[in-house]
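Student: Using our numbering, the letters of the sequence shown map in sequence onto residues 2 to 299. We put the CB at the ideal spot given by N, CA and C, even for glycine. Quick caveat, the model's predicted, so the values are computed rather than measured.
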Amino acid sequence: MRGAVVAAMPGEEAPAQRLAALLGAALAPVEVHHFPDGESRVRALDAARTTVVYCSLNRPNEKLIELAFAAAALRDLGAERLVLAAPYLCYMRQDKAFRLGEAVSQRVIGGLLAQSFDRIVTIEPHLHRVRSLSDVFPGREATALSAAPLLAAMIRRDGAVANGLIVGPDRESRRWTEALAAALGAEFIVLDKTRRGDGEVSITVDEDAPIAGRRAYLVDDVASTGGTLAAAARLLAAKGAASIEAVVVHALCSGADLDRLRGAGLARLRSTDSVAHATNAIEVAPLLASALAQEGAL
Ligand code: R5P
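If you want it as structure tokens, here you go:
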């Protein structure tokens with residue numbers, strides 16, 4: 002991608018630089034000024050014919066409008082192909098109106114980003130009823146990368162595979178819990194979760210699940226409030242796990258949530274740097290670079 006540009010939205014300079022270095026592309030920060038009345042002025046400093054915009058979409062509401070402005074500014078500077086590298090993609094969970102009158106935010110955000118970008122690259126988007134990321138971005142290229150190999154490599158480095166038990170906290174996690182366990186050659190189980198509210202879940206497990214004495218690794222795509230991991234950790238502790246830790250792709254939880262997780266018996270939480278977080282332990286830049294390496298420099 003020599004000759005291409007990676008444009009970093011505010012706060013994304015460090016991970017964008019890691020990606021740019023791997024791609025041999027130039028880094029160009031995008032400047033944002035916040036006016037006293039809450040509006041934003043966005044200024045792109047450089048663009049190439051192929052420009053990658055780096056923006057992880059946690060806490061997304063303000064970012065989304067500024068991203069649309071940045072895309073427009075980059076086109077004005079001559080970008081012909083705009084690729085959004087959003088390691089965390091927001092609003093993927095609301096993929097239907099669960100109650101009459103609710104907006105299907107996944108569809109709205111998909112349409113919005115499709116207006117600005119030719120291709121969207123992300124990692125482990127939370128797709129449930131929608132099977133393919135392409136369905137979210139009508140008429141655009143969409144790439145959903147799996148973080149399973151990164152997580153598997155880290156767990157392997159722990160040297161814990163022999164007594165390790167990979168634990169998916171809910172049925173939705175089965176597919177990728179299974180993929181992770183297969184990559185490790187480790188045993189896995191999937192728990193049964195019922196959500197009762199934003200931070201409130203209850204979790205059960207089969208009576209004969211082989212938990213006692215095992216080094217349990219909870220794995221999940223997202224830790225939002227950490228409620229799921231906390232409930233799962235309490236259950237694993239009650240079932241006699243020798244140790245309990247967690248590895249997630251996207252860590253969104255707060256410091257108070259981390260305290261609650263410790264209280265629930267979780268010895269350690271590690272995450273990828275898809276979202277900047279105190280628990281970051283795995284860089285996603287190589288994964289993103291592998292998907293972007295074929296983009297022409299032009
Ligand atoms: C849900 O299906 C996801 O995979 C996560 O388990 C969920 O988003 C985690 O949310 P929280 O941390 O708030 O329990």
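1. Compare the Cα-Cα distances from A187 to each of T195, T178, L20 and G200 and report the closest residue.
2. Helix, strand or coil for A163, going by three-state DSSP, please let me know.
3. Under a Cβ-count criterion, where at least 16 other Cβ atoms within 10 Å of its own Cβ denotes burial, should K194 be classed as buried or exposed?
4. Looking only at C-alpha atoms, which of S244, A224 and G169 sits nearest to R215?
5. Whole beta strand (DSSP E) runs in the region 30 to 117 with 3 or more residues, listed along the chain?
6. Sort L24, A233 and H251 by Cα distance to R261 and report the nearest one.
7. I need the straight-line Cα distance from Q18 to L28, nearest angstrom please.
8. For D38, count the other beta carbons within 10 Å of its own beta carbon; 16 or more makes it buried, fewer makes it exposed. Which is it?
9. Could you check if G200 belongs to the surroundings of the ligand R5P, using beta carbon to heavy atom distance under 8 Å?
10. Which one or two residues does DSSP pair with T205 in a beta bridge?
11. Between V131, I283 and D119, which lies nearest to M93 when the distance is taken from Cα to Cα?
12. Shorter than 8 Å, the distance from the beta carbon of V223 to the closest heavy atom of the ligand R5P, or not?
13. I'd like to know whether the C-beta atoms of T123 and A87 end up nearer to each other than 9 Å.
14. Where do the N-terminal and C-terminal ends of the beta strand (DSSP E) with L293 fall, by residue?
15. Considering Cα atoms alone, identify which of L24, V43, A22 and G25 is closest to V31.
16. Which partner residues of T273 appear in the DSSP bridge assignment?
17. Between A243 and chain C, is the shortest Cβ-Cβ distance under 9 Å, so that the two count as touching?
18. Using the C-alpha atoms, what's the distance from G266 back to A238?
19. Work out the CA separation of P287 and R157 for me, nearest whole Å.
20. Determine the contact status of G160 and A217, defining contact as a CB-CB distance below 9 Å.
21. Looking at the strands, I want to know which residues DSSP matches up with A8.
22. Who does T144 pair with in a DSSP beta bridge?
23. Mind reading off the beta-carbon distance from S57 to E13? Whole number of angstroms is fine, and I expect it under 8 Å.
24. Nearest by alpha-carbon distance to A49: which of R271, A5 and L293 is it?
25. For L299, which residues in the same chain have their Cβ closer than 6 Å to its Cβ, ignoring the five residues on either side in sequence?
26. Give every residue of the same chain whose Cβ lies closer than 6 Å to the Cβ of L78, excluding the five residues on either side of it in the sequence, and list them in chain order.
27. Could you spell out where the beta strand (DSSP E) holding D221 opens and where it closes?
28. Buried or exposed, going by whether 16 or more other CB atoms sit within 10 Å of the CB of E63?
29. Are the Cβ atoms of V220 and L152 separated by less than 9 Å?
30. For T226, count the other beta carbons within 10 Å of its own beta carbon; 16 or more makes it buried, fewer makes it exposed. Which is it?
Tutor: In brief:
1. T178
2. coil
3. buried
4. S244
5. 41 to 45, 51 to 55 and 82 to 87
6. A233
7. 6 Å
8. exposed
9. yes
10. D193
11. V131
12. yes
13. yes
14. Where L293 is concerned, there is no enclosing beta strand (DSSP E), although the alpha helix (DSSP H) it sits in stretches over A286 to L293.
15. V43
16. I283
17. Protein chains in the displayed structure number just one, and chain C is not present.
18. 7 Å
19. 18 Å
20. no
21. A29 and V54
22. V122
23. 7 Å
24. A5
25. Note on L299: pLDDT 38, under 50, position unreliable in the model; the coordinate value appears next. Counting only Cβ-Cβ distances below 6 Å, and skipping sequence neighbours, we find R50 and T51.
26. A45 and A48
27. R216 to A224
28. exposed
29. yes
30. buried
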